[in-house]
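Enquirer: Quick one: this structure, given as C-alpha coordinates, is what I'll be asking you about.
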Amino acid sequence: MDDNVHNTYAKELVPMAVGYSAALLNNFFRGRIEITLPPKGVYAQTENREQGFTRVTLLAKNTTPDEEEMTNGSIELVVRYKKTLNNQDPFQPYPVPTEDSFSYIVAPLLDPNINSIPRSQPIELVFDLSQNPLPVNITDLSFQVVYKGVLGQEEGAVAVGFKDVSEPTPIDIYNDMDRVCLNGSWYAAGSPEAIAQVDLDHDGIAEPGEGDVYPHDLKDLYIRFSSAASPQNASSTEYNLHIPLLVAGDYFIRRVFVLSDYEFSYGFISQVLKRDVDPFTHASYGPTIYPYKGLKNQTEPGTPERCAALNVPYPCNIRYYPDEFNLLRGQQLWEWVVFPNLSYPPGSSCPLE
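Numbers 908 to 1260, taken from my numbering, label the letters of the sequence shown in order.
The structure is reproduced here in C-alpha coordinates:
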(Lines of atoms letter the chains of each structure in order from A and count residues from 1; the text may use other names and numbers.)
(Lines give C-alpha, C1' and ligand atoms only; values in the text may rest on other atoms or scores of the structure.)
Protein backbone atom coordinates (compact mmCIF):
# COMPACT_ATOMS: atom_id res chain seq x y z
CA MET A 1 0.00 0.00 0.00
CA ASP A 2 1.65 3.29 -1.11
CA ASP A 3 1.65 6.50 0.95
CA ASN A 4 -1.17 8.16 -1.02
CA VAL A 5 -3.47 5.19 -0.58
CA HIS A 6 -2.52 4.93 3.10
CA ASN A 7 -3.23 8.63 3.66
CA THR A 8 -6.59 8.28 1.94
CA TYR A 9 -7.46 5.31 4.15
CA ALA A 10 -6.48 7.27 7.24
CA LYS A 11 -8.42 10.35 6.15
CA GLU A 12 -11.60 8.43 5.40
CA LEU A 13 -11.49 5.66 7.97
CA VAL A 14 -10.44 7.64 11.02
CA PRO A 15 -13.71 9.63 11.24
CA MET A 16 -15.75 6.56 10.27
CA ALA A 17 -14.09 4.35 12.83
CA VAL A 18 -14.96 6.61 15.72
CA GLY A 19 -18.39 5.08 15.62
CA TYR A 20 -17.13 1.59 16.29
CA SER A 21 -15.99 -0.18 19.41
CA ALA A 22 -12.34 -0.53 20.37
CA ALA A 23 -12.44 -4.16 19.22
CA LEU A 24 -13.60 -3.20 15.73
CA LEU A 25 -11.02 -0.42 15.53
CA ASN A 26 -8.32 -3.07 15.76
CA ASN A 27 -9.51 -4.35 12.39
CA PHE A 28 -9.08 -0.92 10.80
CA PHE A 29 -5.65 -0.01 12.16
CA ARG A 30 -2.74 -2.13 13.27
CA GLY A 31 -1.47 0.23 15.95
CA ARG A 32 -3.33 0.46 19.26
CA ILE A 33 -3.49 3.15 21.91
CA GLU A 34 -4.96 2.89 25.40
CA ILE A 35 -6.66 6.02 26.78
CA THR A 36 -7.13 6.56 30.52
CA LEU A 37 -7.91 9.37 32.95
CA PRO A 38 -5.15 11.86 33.79
CA PRO A 39 -4.15 12.47 37.43
CA LYS A 40 -6.65 15.34 37.74
CA GLY A 41 -9.48 12.81 37.42
CA VAL A 42 -11.27 14.49 34.51
CA TYR A 43 -10.54 14.83 30.82
CA ALA A 44 -11.91 18.36 30.70
CA GLN A 45 -13.54 20.96 32.93
CA THR A 46 -15.29 24.23 32.22
CA GLU A 47 -16.86 26.95 34.34
CA ASN A 48 -18.20 28.70 31.25
CA ARG A 49 -21.24 26.93 29.86
CA GLU A 50 -21.53 29.29 26.90
CA GLN A 51 -17.91 28.81 25.87
CA GLY A 52 -17.70 25.05 26.41
CA PHE A 53 -14.57 22.93 26.77
CA THR A 54 -11.36 24.39 25.33
CA ARG A 55 -8.86 21.75 26.44
CA VAL A 56 -8.80 17.96 26.79
CA THR A 57 -6.18 16.13 28.85
CA LEU A 58 -5.69 12.36 28.85
CA LEU A 59 -3.15 9.61 29.34
CA ALA A 60 -2.14 7.61 26.26
CA LYS A 61 -0.13 4.41 26.09
CA ASN A 62 1.09 2.36 23.13
CA THR A 63 -0.47 -1.12 23.42
CA THR A 64 0.39 -2.36 19.93
CA PRO A 65 1.33 -6.08 19.92
CA ASP A 66 4.84 -7.33 19.12
CA GLU A 67 6.62 -4.58 21.05
CA GLU A 68 6.40 -2.10 18.16
CA GLU A 69 7.25 1.47 19.14
CA MET A 70 5.57 4.74 18.16
CA THR A 71 8.67 6.91 17.90
CA ASN A 72 8.03 9.73 15.44
CA GLY A 73 4.64 10.86 14.24
CA SER A 74 1.79 13.33 14.51
CA ILE A 75 -0.83 13.02 17.26
CA GLU A 76 -4.34 14.41 17.10
CA LEU A 77 -7.57 14.08 19.03
CA VAL A 78 -10.82 13.41 17.18
CA VAL A 79 -13.90 14.35 19.20
CA ARG A 80 -17.24 12.98 18.01
CA TYR A 81 -20.58 14.11 19.43
CA LYS A 82 -24.15 15.06 18.62
CA LYS A 83 -25.59 18.50 19.22
CA THR A 84 -28.97 18.71 20.87
CA LEU A 85 -31.71 19.92 18.56
CA ASN A 86 -31.99 23.73 18.72
CA ASN A 87 -29.40 23.72 21.52
CA GLN A 88 -31.87 22.22 23.99
CA ASP A 89 -30.77 21.61 27.57
CA PRO A 90 -29.68 17.93 27.74
CA PHE A 91 -29.78 17.83 31.54
CA GLN A 92 -33.30 16.49 31.70
CA PRO A 93 -34.70 13.18 33.00
CA TYR A 94 -35.89 12.22 29.52
CA PRO A 95 -34.26 11.77 26.10
CA VAL A 96 -33.71 15.18 24.53
CA PRO A 97 -33.86 15.18 20.70
CA THR A 98 -30.54 15.53 18.89
CA GLU A 99 -29.34 16.31 15.40
CA ASP A 100 -29.28 13.26 13.13
CA SER A 101 -25.64 13.56 12.09
CA PHE A 102 -22.52 13.61 14.22
CA SER A 103 -20.25 16.63 14.62
CA TYR A 104 -16.46 16.33 14.76
CA ILE A 105 -13.57 18.30 16.19
CA VAL A 106 -9.97 17.52 15.24
CA ALA A 107 -7.72 19.05 17.90
CA PRO A 108 -3.92 19.40 17.86
CA LEU A 109 -1.57 18.88 20.77
CA LEU A 110 -0.95 21.92 22.92
CA ASP A 111 2.76 20.98 22.84
CA PRO A 112 3.75 20.41 19.19
CA ASN A 113 7.09 18.91 20.24
CA ILE A 114 5.47 15.67 21.44
CA ASN A 115 5.72 13.10 18.63
CA SER A 116 5.78 9.70 20.33
CA ILE A 117 3.58 7.51 22.53
CA PRO A 118 5.59 5.17 24.79
CA ARG A 119 4.91 1.58 25.75
CA SER A 120 6.55 1.63 29.17
CA GLN A 121 4.16 4.08 30.82
CA PRO A 122 1.36 6.43 29.77
CA ILE A 123 2.16 9.91 28.56
CA GLU A 124 -0.04 12.88 29.42
CA LEU A 125 -1.35 14.56 26.28
CA VAL A 126 -3.08 17.94 26.30
CA PHE A 127 -5.14 18.87 23.25
CA ASP A 128 -6.07 22.43 22.31
CA LEU A 129 -9.75 22.99 21.46
CA SER A 130 -9.64 26.77 21.88
CA GLN A 131 -10.26 27.39 18.17
CA ASN A 132 -13.25 25.04 18.16
CA PRO A 133 -14.54 24.44 21.71
CA LEU A 134 -16.68 21.43 22.54
CA PRO A 135 -20.20 22.57 23.49
CA VAL A 136 -21.85 21.58 26.77
CA ASN A 137 -25.28 20.86 25.29
CA ILE A 138 -24.32 17.61 23.53
CA THR A 139 -24.84 13.85 23.63
CA ASP A 140 -23.08 10.73 22.27
CA LEU A 141 -19.55 11.88 23.08
CA SER A 142 -16.40 9.87 22.36
CA PHE A 143 -12.67 10.50 21.96
CA GLN A 144 -10.19 9.05 19.52
CA VAL A 145 -6.43 9.58 19.70
CA VAL A 146 -4.86 9.18 16.25
CA TYR A 147 -1.12 8.65 15.77
CA LYS A 148 0.29 8.75 12.22
CA GLY A 149 3.98 8.05 11.71
CA VAL A 150 6.63 5.47 12.53
CA LEU A 151 5.36 2.23 14.07
CA GLY A 152 8.13 -0.30 14.52
CA GLN A 153 9.75 -0.62 11.09
CA GLU A 154 6.79 0.84 9.22
CA GLU A 155 6.66 4.43 7.99
CA GLY A 156 3.31 6.20 7.71
CA ALA A 157 1.48 3.77 9.97
CA VAL A 158 -1.74 4.70 11.73
CA ALA A 159 -2.54 3.84 15.35
CA VAL A 160 -5.85 4.60 17.00
CA GLY A 161 -7.18 4.66 20.54
CA PHE A 162 -10.89 4.91 21.29
CA LYS A 163 -12.59 6.02 24.50
CA ASP A 164 -16.28 6.34 25.28
CA VAL A 165 -16.23 9.10 27.89
CA SER A 166 -19.04 10.61 29.90
CA GLU A 167 -21.17 13.30 28.41
CA PRO A 168 -20.76 16.74 30.05
CA THR A 169 -21.49 16.13 33.73
CA PRO A 170 -22.64 18.91 36.09
CA ILE A 171 -21.05 19.31 39.51
CA ASP A 172 -24.05 20.24 41.65
CA ILE A 173 -23.77 21.20 45.33
CA TYR A 174 -26.36 22.37 47.86
CA ASN A 175 -25.69 23.88 51.30
CA ASP A 176 -28.87 22.74 53.05
CA MET A 177 -27.82 24.07 56.47
CA ASP A 178 -30.31 26.93 56.54
CA ARG A 179 -32.82 24.42 57.87
CA VAL A 180 -32.70 21.55 60.33
CA CYS A 181 -34.70 18.35 60.75
CA LEU A 182 -36.12 18.16 64.29
CA ASN A 183 -38.43 15.40 65.49
CA GLY A 184 -39.45 14.61 61.92
CA SER A 185 -40.24 18.18 60.82
CA TRP A 186 -38.26 20.94 59.11
CA TYR A 187 -37.47 24.17 60.95
CA ALA A 188 -35.63 27.29 59.88
CA ALA A 189 -32.15 26.93 61.36
CA GLY A 190 -31.56 29.31 64.26
CA SER A 191 -35.22 30.24 64.59
CA PRO A 192 -36.89 30.43 68.03
CA GLU A 193 -39.08 27.50 66.99
CA ALA A 194 -36.04 25.36 66.18
CA ILE A 195 -34.26 26.32 69.40
CA ALA A 196 -37.36 25.48 71.44
CA GLN A 197 -37.25 21.90 70.15
CA VAL A 198 -33.87 21.24 71.81
CA ASP A 199 -33.67 23.84 74.61
CA LEU A 200 -33.64 21.55 77.63
CA ASP A 201 -32.90 24.29 80.18
CA HIS A 202 -35.32 26.79 78.59
CA ASP A 203 -32.80 29.62 78.42
CA GLY A 204 -33.58 30.45 74.78
CA ILE A 205 -30.22 29.18 73.50
CA ALA A 206 -29.29 25.84 71.95
CA GLU A 207 -26.05 24.87 73.66
CA PRO A 208 -23.56 21.98 73.62
CA GLY A 209 -25.35 19.00 75.11
CA GLU A 210 -28.46 20.10 73.26
CA GLY A 211 -28.91 19.97 69.49
CA ASP A 212 -27.00 22.25 67.12
CA VAL A 213 -29.87 23.88 65.25
CA TYR A 214 -28.03 26.89 63.83
CA PRO A 215 -27.31 27.76 60.18
CA HIS A 216 -23.79 27.10 58.91
CA ASP A 217 -21.90 28.50 55.97
CA LEU A 218 -19.18 26.62 54.11
CA LYS A 219 -15.86 28.38 53.65
CA ASP A 220 -13.10 27.29 51.28
CA LEU A 221 -14.80 24.24 49.82
CA TYR A 222 -12.11 22.34 47.91
CA ILE A 223 -13.20 19.60 45.51
CA ARG A 224 -10.89 17.07 43.90
CA PHE A 225 -11.68 14.52 41.21
CA SER A 226 -9.78 11.27 40.77
CA SER A 227 -10.23 7.86 39.22
CA ALA A 228 -12.55 5.28 40.74
CA ALA A 229 -9.60 2.91 41.10
CA SER A 230 -7.39 5.42 42.94
CA PRO A 231 -9.49 7.92 44.92
CA GLN A 232 -7.63 10.96 46.28
CA ASN A 233 -8.46 13.36 49.11
CA ALA A 234 -8.96 17.04 48.40
CA SER A 235 -6.85 19.68 50.13
CA SER A 236 -6.07 23.37 49.83
CA THR A 237 -3.19 22.47 47.50
CA GLU A 238 -4.69 19.52 45.59
CA TYR A 239 -8.06 20.35 44.07
CA ASN A 240 -9.95 20.85 40.80
CA LEU A 241 -12.50 23.33 42.09
CA HIS A 242 -12.45 25.93 44.89
CA ILE A 243 -15.62 27.62 46.16
CA PRO A 244 -14.58 30.42 48.57
CA LEU A 245 -17.98 30.68 50.30
CA LEU A 246 -21.29 28.83 50.06
CA VAL A 247 -23.72 30.34 52.53
CA ALA A 248 -26.48 28.35 54.20
CA GLY A 249 -29.38 27.88 51.80
CA ASP A 250 -27.32 28.65 48.71
CA TYR A 251 -26.51 26.19 45.95
CA PHE A 252 -23.89 25.70 43.27
CA ILE A 253 -25.78 24.15 40.36
CA ARG A 254 -24.98 24.01 36.62
CA ARG A 255 -21.92 26.22 37.09
CA VAL A 256 -19.17 23.65 36.46
CA PHE A 257 -19.16 20.76 33.99
CA VAL A 258 -16.62 17.97 33.57
CA LEU A 259 -15.84 15.13 31.18
CA SER A 260 -14.67 11.98 32.93
CA ASP A 261 -15.25 8.23 33.08
CA TYR A 262 -18.72 6.96 33.89
CA GLU A 263 -17.44 6.15 37.38
CA PHE A 264 -14.96 8.42 39.15
CA SER A 265 -14.20 9.76 42.63
CA TYR A 266 -15.21 13.05 44.23
CA GLY A 267 -13.33 14.26 47.30
CA PHE A 268 -13.96 17.43 49.29
CA ILE A 269 -12.95 19.35 52.39
CA SER A 270 -14.40 22.57 53.79
CA GLN A 271 -14.48 24.73 56.89
CA VAL A 272 -17.83 25.09 58.64
CA LEU A 273 -18.53 28.65 59.75
CA LYS A 274 -20.79 29.54 62.65
CA ARG A 275 -22.93 32.61 63.18
CA ASP A 276 -22.44 34.97 66.14
CA VAL A 277 -25.15 33.36 68.28
CA ASP A 278 -23.84 29.83 67.69
CA PRO A 279 -21.99 28.54 70.82
CA PHE A 280 -20.90 25.24 69.22
CA THR A 281 -17.38 24.40 68.09
CA HIS A 282 -17.29 23.14 64.51
CA ALA A 283 -14.84 20.84 62.82
CA SER A 284 -14.30 20.84 59.09
CA TYR A 285 -16.39 18.86 56.63
CA GLY A 286 -14.03 16.17 55.38
CA PRO A 287 -11.69 15.26 53.94
CA THR A 288 -14.20 12.81 52.51
CA ILE A 289 -14.34 10.85 49.25
CA TYR A 290 -17.47 9.61 47.51
CA PRO A 291 -18.09 7.81 44.22
CA TYR A 292 -19.50 10.05 41.51
CA LYS A 293 -21.26 9.12 38.27
CA GLY A 294 -20.39 10.54 34.91
CA LEU A 295 -23.54 11.39 33.00
CA LYS A 296 -24.49 9.00 30.19
CA ASN A 297 -26.64 10.42 27.41
CA GLN A 298 -26.21 8.45 24.20
CA THR A 299 -27.43 5.71 21.89
CA GLU A 300 -25.35 2.56 21.71
CA PRO A 301 -25.70 -1.04 20.52
CA GLY A 302 -27.34 -3.29 23.09
CA THR A 303 -26.05 -6.68 24.15
CA PRO A 304 -28.26 -9.71 23.42
CA GLU A 305 -29.20 -9.82 27.11
CA ARG A 306 -30.07 -6.12 27.24
CA CYS A 307 -32.16 -6.28 24.06
CA ALA A 308 -34.02 -9.30 25.42
CA ALA A 309 -34.70 -7.51 28.71
CA LEU A 310 -36.33 -4.70 26.72
CA ASN A 311 -38.34 -7.18 24.64
CA VAL A 312 -36.80 -6.05 21.36
CA PRO A 313 -35.00 -8.27 18.84
CA TYR A 314 -31.22 -8.36 18.73
CA PRO A 315 -29.39 -6.43 17.36
CA CYS A 316 -30.90 -3.31 18.87
CA ASN A 317 -29.85 0.22 19.77
CA ILE A 318 -30.52 1.54 23.26
CA ARG A 319 -30.90 5.19 24.17
CA TYR A 320 -29.47 6.02 27.58
CA TYR A 321 -30.43 9.30 29.23
CA PRO A 322 -29.88 10.84 32.69
CA ASP A 323 -32.96 9.74 34.63
CA GLU A 324 -31.27 9.88 38.05
CA PHE A 325 -31.62 13.57 38.87
CA ASN A 326 -32.53 14.41 42.46
CA LEU A 327 -35.05 17.13 43.27
CA LEU A 328 -34.26 19.20 46.36
CA ARG A 329 -36.23 22.32 47.25
CA GLY A 330 -37.14 22.97 43.63
CA GLN A 331 -33.61 22.42 42.32
CA GLN A 332 -32.58 19.48 40.16
CA LEU A 333 -29.26 17.98 41.25
CA TRP A 334 -27.09 15.46 39.45
CA GLU A 335 -25.82 13.10 42.13
CA TRP A 336 -26.50 13.99 45.77
CA VAL A 337 -23.85 16.40 47.04
CA VAL A 338 -25.78 18.03 49.87
CA PHE A 339 -24.41 19.47 53.11
CA PRO A 340 -27.13 19.12 55.80
CA ASN A 341 -27.35 19.95 59.46
CA LEU A 342 -27.44 16.98 61.81
CA SER A 343 -30.98 15.92 62.61
CA TYR A 344 -32.32 15.79 66.17
CA PRO A 345 -32.75 13.46 67.84
CA PRO A 346 -30.01 11.49 66.03
CA GLY A 347 -31.49 9.16 63.44
CA SER A 348 -34.68 11.13 62.89
CA SER A 349 -35.59 11.98 59.30
CA CYS A 350 -37.71 14.48 57.40
CA PRO A 351 -39.34 14.25 53.97
CA LEU A 352 -37.24 15.57 51.11
CA GLU A 353 -38.66 18.77 49.65
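Backbone N, C-alpha and C fix where the C-beta goes; we use that ideal spot for every residue, glycine too.
1. Is the separation between the beta-carbon of Ala1135 and that of Gly1174 shorter than 7 Å?
2. Exposed or buried, what is Glu1074 when buried is set at 16 or more other beta-carbons lying within 10 Å of its beta-carbon?
3. What's the C-alpha gap between Asp1127 and Met977?
4. According to DSSP, is Arg987 part of a helix, a strand, or is it coil?
5. Within 10 angstroms of the Cβ of His1189, are there 16 or more other Cβ atoms? Answer buried if so, exposed if not.
6. Please state whether the Cβ-Cβ distance between Pro1040 and Gly1097 is less than 7 Å.
7. Report all residues from its chain with a CB closer than 6 Å to the CB of Pro1099; omit the five preceding and five following residues, and keep chain order.
8. Per DSSP, what kind of secondary structure is Leu1036 in: helix, strand or coil?
9. Quick one, are the C-beta atoms of Gln1238 and Ile1160 less than 7 Å apart?
10. Please give the ranges of any beta strand (DSSP E) in the region 1044 to 1118, keeping only runs that are unbroken, at least 3 residues long and fully inside the region.
11. Give the single residue among Ser981, Pro1042, Tyr1011 whose Cα lies nearest to the Cα of Tyr1023.
12. Would you identify the three-state DSSP class for Leu1217, choosing helix, strand or coil?
13. Out of Asp1119, Thr1195, Ile942, state which residue places its alpha-carbon closest to the alpha-carbon of Val1033.
14. Please go through the same chain and pick out, in chain order, the residues whose beta-carbon is closer than 8 Å to the beta-carbon of Val1163, but skip the five residues on each side of it.
15. Using a Cβ distance threshold of 8 Å, determine whether the region 1042 to 1049 contacts the region 1011 to 1027, with at least three qualifying pairs required.
16. As an exercise, report each continuous beta strand (DSSP E) stretch of at least 3 residues that is fully enclosed by the region 1200 to 1247, in chain order.
17. Is it buried or exposed for Arg1182, if we count other Cβ within 10 angstroms and need 16 for buried?
18. Mapping the DSSP letters down to three states, classify Asp973 as helix, strand or coil.
19. Per DSSP, which residues does Phe1171 bridge with? Please list them.
20. Could you tell me the distance, in whole angstroms, from the CA atom of Gln995 to the CA atom of Pro1002?
21. Given a cut-off of 7 Å, decide if Thr970 and Arg939 are closer than it, judged by their beta-carbon atoms.
22. Grab me the residues of Cys1214's own chain with a C-beta within less than 6 Å of its C-beta, minus the 5 sequence neighbours each way, in chain order.
23. Is DSSP giving Leu1249 helix, strand or coil here?
24. Given Tyr1199, which residues of its chain have a CB within under 7 Å of its CB, disregarding the five upstream and five downstream residues?
25. With distances taken from CA atoms, which of Val1067, Asp1085, Leu1089, Phe1050 is nearest Ser1256?
26. Thr1005 and Leu992 - do their beta-carbons sit closer together than 7 Å?
Expert: Taking the definition as stated:
1. no
2. With 16 or more Cβ atoms within 10 Å of its Cβ, Glu1074 is classed as buried.
3. 44 Å
4. strand
5. exposed
6. no
7. none
8. coil
9. yes
10. 1045 to 1058, 1061 to 1070, 1080 to 1082, 1086 to 1089, 1092 to 1095
11. The identity of residue 1023 in the sequence shown is Ser, whereas the question assumes Tyr. Considering only Ser981, Pro1042, Tyr1011, the residue with the shortest C-alpha distance to Ser1023 is Ser981.
12. coil
13. Ile942
14. Cβ within range, chain order: Gln952, Thr953, Glu954, Pro1077, Ile1078, Leu1148.
15. no
16. 1205 to 1208, 1224 to 1227, 1232 to 1235, 1238 to 1241
17. With fewer than 16 other beta carbons inside 10 angstroms of its own, Arg1182 counts as exposed.
18. helix
19. By DSSP's assignment, Phe1171 forms a beta bridge with Ser1134, Tyr1199.
20. Inter-residue distance for Gln995 and Pro1002 is about 11 Å (C-alpha atoms, whole angstroms).
21. yes
22. Once the five neighbours on either side are set aside, the close Cβ partners of Cys1214 are Tyr1221, Cys1223.
23. coil
24. Phe1171, Ser1172, Tyr1173, Glu1242
25. Leu1089
26. A contact, by the Cβ cut-off of 7 Å.
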